[in-house]
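One structure is given below, encoded as structure tokens.
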Amino acid sequence: MSTGLLTDLTIAVLSLLVGFEVISKVPETLHTPLMSAANSIHGIVLVGAALVAASAHNTAGYVLAFVAALFAGMNVVGGYAVTGRMLKMFKRRPAPKAPGTEPVSSGAAEA
Amino acid sequence: MSGFDATVRLLYVAAAACFVVGLHLMNAPPTANKGSRVSATGMVVAVAATIALVAHDTAISATGWTVMLVGAILGSAVGLAFAQKVKMTAIPQLVSLFNAMGGGAAALVALAGFVAASSSANLGGRVAVSTAIDVAIGAVTFSGSVVASGKLQGTIAGRPIIVPGGRLTNSVLALATVVGAVLLAARPHSVAMLVLTLAAALAFGVAMVLRIGGADMPVVISLLNALTGTAVAVAGFVIDNSVLIIAGALVGASGGILTKLMADAMNRSIVAIMSGGFGGGDSPGTDTGGGSAPVRQVSADDAAIQLAYASKVVIVPGYGLAAAQAQHAVRDLAQLLEERGIEVSYAIHPVAGRMPGHMNVLLAEADVPYTQLKPMDEINPEFPRTDVALVIGANDVINPAARRPGTAVSGMPILDVDQAKSVIVIKRSMGHGYAGIENELYTDPKTSMFFADAKAGLVALGAAVKTLVGG
């Protein structure tokens with residue numbers, strides 16, 4: 001077993017444990033946004049698509065890389081956009097009487 | 112390692128840190144937005160670093176650039192359009208579609224990495240084994256997510272569909288996928304094994320999800336999300352890329368935890384859910400009690416009187432609210448009641464709707480403050496001092512039969528709606544819930560049934576309350 005593979009396995013196991021630890025504390029209210037956020041993070045496969053496009057040197061390679069880039073782009077951009085839309089809706093205080101006007105605390109304690 | 116490569120690696124580490132911190136910030140609503148932005152920043156850094164790496168390492172051809180950029184830009188545009196147009200009620204199927212895209216992309220990256228490596232004739236065991244695993248997981252996730260999305264969208268029937276051969280077919284397909292993957296790992300140049308693994312995995316994904324009923328979809332989507340993450344991590348092994356491994360493993364773990372939380376909330380094992388068939392009417396409908404007892408129907412006016420003179424009202428939303436897109440109507444009614452000084456809160460069952468937290472998102476869309484949304488543990492002790500529990504399109508999650516053994520919902524934690532002083536149920540008909548059994552709450556003497564579509568019913572109630580209080 002090569003050093004590279006061992007390093008990768010170490011990284012994978014530790015990341016899994018970090019994932020368990022970070023996620024197990026999220027309240028139910030945020031389960032859907034969280035799933036959507038996790039969903040956008042696996043859009044990182046776009047990096048993989050770019051790298052295989054760079055190493056492709058025949059038609060099969062180009063076709064695979066193209067579809068991979070297409071799928072991954074959809075996953076990553078769509079994922080973040082929809083997560084953002086969802087999170088914008090969570091308000092800190094009761095909405096004002098007139099619907100449509102944003103409460104000052106909208107987006108809640110950002111930055 | 113050159114200074115340039117080292118810089119790219121460091122940027123990958125920074126991106127990975129952004130993902131972890133971003134997910135951590137999603138622990139609480141006030142910081143969730145920031146969390147999403149931190150995670151997005153990490154993504155931009157990782158992608159930018161990769162493009163710089165590809166440009167620096169001059170091996171890429173003009174065709175490679177075209178393929179990469181056109182693919183990514185086209186995909187991004189489509190994804191953005193979907194994300195902006197989707198209705199909040201349709202989020203689950205969109206997430207499922209993005210799962211399909213991620214899983215499919217992971218399988219394709221592995222395949223492409225494999226193709227590139229195989230022509231150089233020194234295919235290492237590492238690439239062979241991880242490609243085999245990735246093709247299998249990625250393909251199952253892709254086809255399974257497409258079917259899940261179709262079921263939620265309604266283009267494929269939501270009820271469990273038994274494929275010819277039933278469980279045997281599924282077992283054979285699963286076995287074929289595993290055997291194909293093992294043989295592919297052992298003999299990585301075999302195109303036949305590659306095709307077998309791919310075909311078996313695609314077919315297994317379809318057959319597996321077809322068997323599962325619509326109301327179990329939250330768990331299924333969550334599991335497919337975890338699988339996609341895993342597929343991406345394995346793709347990272349194929350092309351030896353740490354940021355893919357870290358991000359994929361993070362998502363795999365998070366999806367896994369969420370899946371378990373959801374299954375626990377339904378008191379069912381993940382295996383039982385994934386083996387499917389639940390809710391097809393094959394559960395013994397015995398011991399449900401009072402199936403033929405008369406129900407008490409009310410008009411909008413009578414229901415409005417009950418609501419308007421209550422001091423504490425708990426609203427219990429279910430899938431019917433989402434299906435009728437009644438989230439704004441319920442908000443309007445709640446505001447009317449609050450203006451009269453009535454305390455209004457919402458009881459959110461963990462598996463109400465079609466996705467974890469589905470109700471929270473819908474109600475948040477309608478500007479209901481999240482502080483009014485009470486999770487099950489918090490709201491249950493409040494039911495005994497609740498004057499009116501207003502149930503909108505929820506069924507199994509409030510069925511008292513769950514407290515007795517021997518029913519299809521036995522052991523499932525429920526909202527204690529039957530302990531409220533009175534109950535109003537807005538429901539289209541006396542039809543059964545997903546579990547296919549009678550709900551004895553409907554025949555309880557303190558329950559009034561208001562037969563209507565959730566949206567129309569809520570609008571009628573609102574109008575009746577207004578007339579009543581002389582608005």
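So the sequences go chain by chain: F and S. Residues 1 to 111 (the numbering used here) are what the first sequence spells out, left to right. Residues 112 to 582 (the numbering used here) are what the second sequence spells out, left to right. The C-beta atom is built at its ideal place from N, Cα and C for all residues, glycine as well. Bear in mind the structure is a predicted one, so any value in this text is a computation, not a measurement.
Local conformation of residue i per DSSP, three classes
i	result
residue 526 of chain S	coil
residue 566 of chain S	helix
residue 122 of chain S	helix
residue 485 of chain S	strand
residue 393 of chain S	With a pLDDT of 35 at residue 393 of chain S, under the threshold of 50, the modelled position of that residue is not reliable, and the figure given next carries that caveat. Three-state DSSP puts residue 393 of chain S in coil, outside helix and strand.
residue 423 of chain S	strand
residue 254 of chain S	helix
residue 274 of chain S	coil
residue 172 of chain S	coil
residue 89 of chain F	coil
residue 235 of chain S	coil
residue 42 of chain F	helix
residue 265 of chain S	coil
residue 15 of chain F	helix
residue 549 of chain S	coil
residue 496 of chain S	helix
residue 577 of chain S	helix
residue 198 of chain S	coil
residue 480 of chain S	coil
residue 58 of chain F	coil
Boundaries of the beta strand (DSSP E) in which residue i is found, first to last residue
i	result
residue 501 of chain S	499-503
residue 518 of chain S	Per DSSP, residue 518 of chain S belongs to no beta strand (DSSP E) and is neither H nor E.
residue 558 of chain S	558-562
residue 457 of chain S	454-459
Straight-line gap, residue i to residue j (C-alpha atoms, nearest Å)
i	j	result
residue 278 of chain S	residue 528 of chain S	37 Å
residue 430 of chain S	residue 302 of chain S	46 Å
residue 486 of chain S	residue 63 of chain F	48 Å
residue 359 of chain S	residue 149 of chain S	17 Å
residue 208 of chain S	residue 121 of chain S	32 Å
residue 363 of chain S	residue 339 of chain S	7 Å
residue 451 of chain S	residue 382 of chain S	48 Å
residue 248 of chain S	residue 332 of chain S	15 Å
residue 400 of chain S	residue 535 of chain S	Residue confidence is low: residue 400 of chain S scores 40 on pLDDT, short of 50, so the model does not pin down where it sits. No coordinate-derived value is stated.
residue 426 of chain S	residue 415 of chain S	14 Å
residue 66 of chain F	residue 214 of chain S	15 Å
residue 85 of chain F	residue 2 of chain F	44 Å
residue 475 of chain S	residue 497 of chain S	23 Å
residue 619 of chain S	residue 243 of chain S	This structure leaves residue 619 of chain S out entirely; chain S is present only between 112 and 582.
residue 503 of chain S	residue 129 of chain S	40 Å
residue 36 of chain F	residue 549 of chain S	34 Å
residue 508 of chain S	residue 449 of chain S	26 Å
residue 23 of chain F	residue 564 of chain S	37 Å
residue 348 of chain S	residue 42 of chain F	15 Å
residue 171 of chain S	residue 60 of chain F	15 Å
residue 308 of chain S	residue 143 of chain S	40 Å
residue 334 of chain S	residue 166 of chain S	37 Å
residue 345 of chain S	residue 21 of chain F	21 Å
residue 583 of chain S	residue 305 of chain S	One cannot answer for residue 583 of chain S here, as it falls past the ends of chain S, which runs 112 to 582.
residue 539 of chain S	residue 579 of chain S	24 Å
residue 75 of chain F	residue 293 of chain S	29 Å
residue 147 of chain S	residue 83 of chain F	7 Å
Counterpart residues of residue i in DSSP-defined beta bridges
i	result
residue 189 of chain S	Answer by DSSP bridge pairing: none, since residue 189 of chain S is not bridged.
residue 428 of chain S	S:503
residue 535 of chain S	S:501 and S:559
residue 408 of chain S	S:560
Residue i at chain C interface by Cβ criterion, 8 Å
i	result
residue 6 of chain F	The structure shown contains no chain C; the protein chains it does contain are F and S.
Residue i - containing alpha helix (DSSP H), residue span
i	result
residue 357 of chain S	353-376
residue 329 of chain S	328-349
residue 442 of chain S	438-450
residue 144 of chain S	140-167
residue 644 of chain S	The first residue shown for chain S is 112 and the last is 582, placing residue 644 of chain S beyond what the model contains.
residue 308 of chain S	302-321
residue 508 of chain S	No alpha helix (DSSP H) holds residue 508 of chain S; DSSP gives it neither H nor E.
residue 382 of chain S	381-386
Rounded Cβ spacing between residue i and residue j (contact assumed at less than 8 Å)
i	j	result
residue 469 of chain S	residue 140 of chain S	Actually they do not touch by this definition, with Cβ atoms about 16 Å apart.
residue 157 of chain S	residue 117 of chain S	The Cβ separation is near 16 Å, so there is no contact.
residue 133 of chain S	residue 114 of chain S	That pair is no contact at about 28 Å.
residue 216 of chain S	residue 12 of chain F	Wrong, their Cβ atoms sit about 19 Å apart, outside the cutoff.
residue 437 of chain S	residue 569 of chain S	5 Å
residue 447 of chain S	residue 441 of chain S	11 Å between Cβ atoms; not a contact.
residue 56 of chain F	residue 223 of chain S	6 Å
residue 378 of chain S	residue 39 of chain F	26 Å between Cβ atoms; not a contact.
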